[in-house]
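Structure first, commentary second.
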Amino acid sequence: QVQLVESGGGLVQPGGSLRLSCLVSGLPSGTSFSTLAVGWYRQAPGKHRELVARISNIDTFTYAEAVKGRFTVSRDNAKSTVDLQMNSLKSEDTAVYYCHTYVNQWVWGQGTQVTVDS
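Heads up, the sequence shown is in my numbering, so the first residue is 186 and it goes up one at a time.
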């Protein structure tokens, strides 16, 4: 069974940085991690879940306008991980961050909390 496990969340002051990581495991036989597009989403209290960043299987990138220039998504196919480097964090970046991909069905991680507060 495909599993996505996020890590790296925590409490950080405004202007600080965090690096989130998403580990993908349990892929079906014949499915390589390198063929997957993986996205990072976030959901703040009382708000809808929204796309933050996405990396395709050919290393093309999509970023939400709110994070362009501050966040960078990258992947390591040897480790089956997708990282989200978050710099110049703002209070409005506070949310639960989820990793997401599609392998025969949509798969979500359990989420990791990011809190930006002084």
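From the three backbone atoms N, C-alpha and C, an ideal C-beta is built for every residue, glycine too. Here the structure is a predicted model, which is why all the values come from computation and not from measurement.
| query | So does the segment 189–196 actually touch the segment 255–264, counting three or more Cβ pairs closer than 8 angstroms? | reply | The answer is no - the segment 255–264 does not touch the segment 189–196, with fewer than three Cβ pairs under 8 angstroms.
| Hey, SER206 and ALA222: beta-carbon distance below 7 angstroms or not? | Not a contact, by the Cβ cut-off of 7 angstroms.
| Can you tell which of LYS275, LEU236 and GLN188 has the C-alpha that lies nearest to the C-alpha of SER303? | With respect to the C-alpha of SER303, the residue from LYS275, LEU236 and GLN188 having the closest C-alpha is LYS275.
| request: Report buried or exposed for ASP268, applying the criterion of at least 16 other Cβ atoms within 10 angstroms of its Cβ. | output: With a threshold of 16 other beta carbon atoms within 10 Å, ASP268 meets it and is buried.
| task | Could you give the DSSP three-state label for SER241: helix, strand or coil? | result | The DSSP-derived three-state label of SER241 is coil.
| query | Considering only residues of the same chain and omitting the five flanking positions on each side of SER265, which have a CB-CB separation below 7 angstroms? | reply | Excluding positions up to five away in sequence, the list reads LEU208, VAL209, SER210 and PHE218.
| Alpha carbon of GLY200 to alpha carbon of ALA280, nearest angstrom | Approximately 16 angstroms between the Cα atoms of the pair.
| said: Which residues does DSSP list as the beta-bridge partners of VAL252? | reply: DSSP lists no partner for VAL252.
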